[in-house]
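Reminder that position 29 of the sequence shown reads as 29 in the UniProt record's numbering, one-by-one numbering, no gaps.
Please read the structure below before turning to the comments.
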Amino acid sequence: MSIEQQRAPSALSGESFYTDAFHSPPTPQPTDTTPKDKGKQRAQSASPGNIQNDSLGNIPSRPQSAAWDQSWLTGSPLSETNAPAKLMNQGHLKPGAHASLLSHNKTLELYRQNARKSNDPSVPFELAMFQLEAAKELDPTPTNHADPNNDKDREELIKEATGILSRLSSRGHTESQYLLADCFSSGIGTLRGRQDFDKAFPLFVQASKHGHPDACYRAGVCLENGWGCRKDNSKATSFYKKAATSLHPGALYRLGIGELKGELGLPKRPKVGVKHLTRSCELATEEFPHALHEMAKLYEKGVDNVLFIDLDYSVELLAQAAELGYAPSAHTLGECYEYAKLNCPQDAALSIHYYNIAAQQDHRESCFALTAWYLVGSPGILPQSDTEAYLWAVKAAEQGLAKAMYAVGYFSEVGIGTTSDQKASTNWYKSAAENGDERAITRLKQNGIKIDHLPQSDSSGKLSKHSSQKECIIM
């Protein structure tokens, strides 16, 4: 059934050291709501009230600056496993309980004074971290993006911070080496904000020589992908193993996948791979939740002579990953509770709850799933809203989802959740068609509109009817 035929009613003490660390002394111048168990316990903790408080009705704000976007590996073969370490929250470094009353300039001057009085390299290091956090707060936002003063102040803070880190790194300060490498690999303090692995990789290697687990892991990532160096799976594996001895969850995950699938030049040994993945699960963090998701998939299908199928435990692992904010796991749970998969009961509240967790991170399929839920609503759980359906479809379309582009085109043509706009509708249909949506191609042909660039084939969706609670959904 097409969308045209049926539509349901329509959110961080010595003068000589200071002088050496800087060019010259400057003159003085700022809830766990996801249950781990299944069934009723999950339903109770994800009550309609909780879901509404999650702001399902709001389109989540976009990242404020690409230079500070820690998802810089998106699109790489290892994008799920190789995200760089996030800059540490240095809120605890603000001096005194009344720090909020101090401007950044006054706070920075206090740090500079402390650096002049101390020969401890950790003092200027903390200053550099504070400066990076202060610079982050000056990232462009919808309200200050046009303020040139913020851009200038931000660049000055980053320049001074990276200068401090560079001098500390040359003295063998491990944390400075790692943080500076992280900056370079994230495009912070580099020319035009571009990632500079040629500078980052040697610093990761230097820090790894002092046993820095994250540096070992990141050096392995660079070697595996050929970032700032030649690809070398053997050396990459050595760095991963060194990080794994320090119980680095990302390294354990990568070695586990390598053994499981025979990658990185490793022999295919599922039992050893599962062992590494299990250990990574035990050490999972918000940055490295990937083993939980992978093990959930393994328990869903089983591994010959290694794992038995255990759907309940699979869901349990997905829930743990979702609690850590891992969008793919949250989306999978959204589907489980929508379609009663993996022994999960159909539960609209939980389905919407998990889709929302993923959608808040711009997971396009989850954004579009919320479009479908808003089209029909769920009594006592989610109010029906054509406007929200349209906005979530736009969100998914902006992430490149072809079927969402088609939906926005249709909404714009008919006037669902927005005013009718034939020009906008045609543009969205063209975008969908160029991304392989066959319905958009057909629609344009019916309207006598020529399509310049078409992919060979890629059917991107249809309208399907699948439950009594939710009469129809754009699939």
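Even glycine gets a Cβ: it sits at the ideal position worked out from N, Cα and C.
Going straight from the alpha carbon of residue i to that of residue j, what length do you get?
i: Glu133; j: Ile188; result: 12 Å
i: Ala181; j: Ser385; result: 47 Å
i: Gln113; j: Leu127; result: 10 Å
i: Ser314; j: Pro289; result: 14 Å
i: Ala135; j: Lys199; result: 21 Å
i: Tyr429; j: Arg439; result: 9 Å
i: Asn305; j: Val274; result: 11 Å
i: Glu175; j: Glu338; result: 46 Å
i: His212; j: Leu191; result: 27 Å
i: His92; j: Tyr111; result: Model confidence at His92 stands at a pLDDT of 44, short of 50, so the residue's coordinates are unreliable; what they give is reported in the following sentence. Cα to Cα, the separation comes out at about 13 Å.
i: Thr285; j: His248; result: 10 Å
i: Ile257; j: Ile357; result: 26 Å
i: His210; j: Ala296; result: 35 Å
i: Gly302; j: Cys183; result: 41 Å
i: Lys445; j: Ala349; result: 40 Å
i: Arg171; j: Met129; result: 17 Å
i: Lys242; j: Ala322; result: 29 Å
i: Lys159; j: Gly228; result: 22 Å
i: Gly250; j: Asn105; result: 38 Å
i: Ala402; j: Ala161; result: 43 Å
i: Ser366; j: Gln399; result: 11 Å
i: Leu283; j: Ala319; result: 15 Å
i: Gly193; j: Ala244; result: 31 Å
i: Ala372; j: Glu287; result: 30 Å
i: residue 497; j: Ser166; result: An answer regarding residue 497 cannot be provided, because it is not within the stretch 1 to 475 covered by the chain.
Determine the contact status of residue i and residue j, defining contact as a CB-CB distance below 8 Å.
i: Cys281; j: Leu317; result: yes
i: Leu260; j: Pro270; result: yes
i: residue 515; j: Leu252; result: The structure shown does not extend to residue 515, since the chain spans only 1 to 475, so no value can be given for it.
i: Gln195; j: Leu157; result: no
i: Ala433; j: Ile451; result: yes
i: Ala389; j: Ala397; result: no
i: Leu179; j: Pro121; result: no
i: Tyr406; j: Trp392; result: no
i: Tyr355; j: Gly334; result: yes
i: Leu277; j: Asn233; result: no
i: Leu298; j: Leu307; result: yes
i: Gly417; j: Thr442; result: no
i: Phe197; j: Ser186; result: no
By Cβ distance below 7 Å, which residues in the same chain neighbour residue i in space, the five residues on each side in sequence not counted?
i: Lys423; result: none
i: Leu342; result: Glu300, Leu311, Ser314, Val315, Cys336
i: Lys235; result: Leu223
i: His173; result: Pro121, Phe125
i: Gly409; result: Ser425, Trp428, Tyr429, Ala432, Ala440
i: Pro379; result: none
i: Asp153; result: Leu138
i: Gly226; result: none
Residue i: buried (16+ other C-beta within 10 angstroms of its C-beta) or exposed?
i: Ser351; result: buried
i: Phe125; result: buried
i: Ile164; result: buried
i: Arg254; result: buried
i: Leu370; result: buried
i: Lys246; result: A small fix is needed here, since residue 246 is Ser in this sequence, not Lys. Exposed: under 16 other Cβ atoms inside 10 Å.
i: Gly448; result: exposed
i: Asn435; result: buried
i: Lys231; result: exposed
i: Ile309; result: exposed
i: Glu294; result: buried
By Cβ distance below 8 Å, which residues in the same chain neighbour residue i in space, the five residues on each side in sequence not counted?
i: Ser420; result: Ser412, Glu413, Val414
i: Thr237; result: Gly220, Leu255, Gly258, Leu264, Gly265, Leu266
i: Phe368; result: Trp392, Ala393, Ala396, Leu401, Lys403, Ala404, Ala407, Ile474
i: Ala340; result: Gln346
By Cβ distance below 6 Å, which residues in the same chain neighbour residue i in space, the five residues on each side in sequence not counted?
i: Gly377; result: Pro383, Gln384
i: Ala215; result: Tyr178, Phe204, Ala207, Ser208
i: Phe201; result: Cys222, Gly228, Cys229
i: Val123; result: Asn114, Ala115
i: Pro148; result: none
i: Val272; result: Glu259
i: Gly262; result: Lys268
i: Phe239; result: Cys216, Ala219, Gly220
Does any residue of chain D have a CB that is nearer than 8 Å to the CB of residue i?
i: Asp153; result: Among the protein chains of the structure shown there is no chain D, as only one such chain exists.
Determine, using beta-carbon pairs with one atom in the region 323-340 and one in the region 361-368, whether at least three such pairs fall under 8 Å.
-> At 8 Å Cβ cutoff, the stretches touch.
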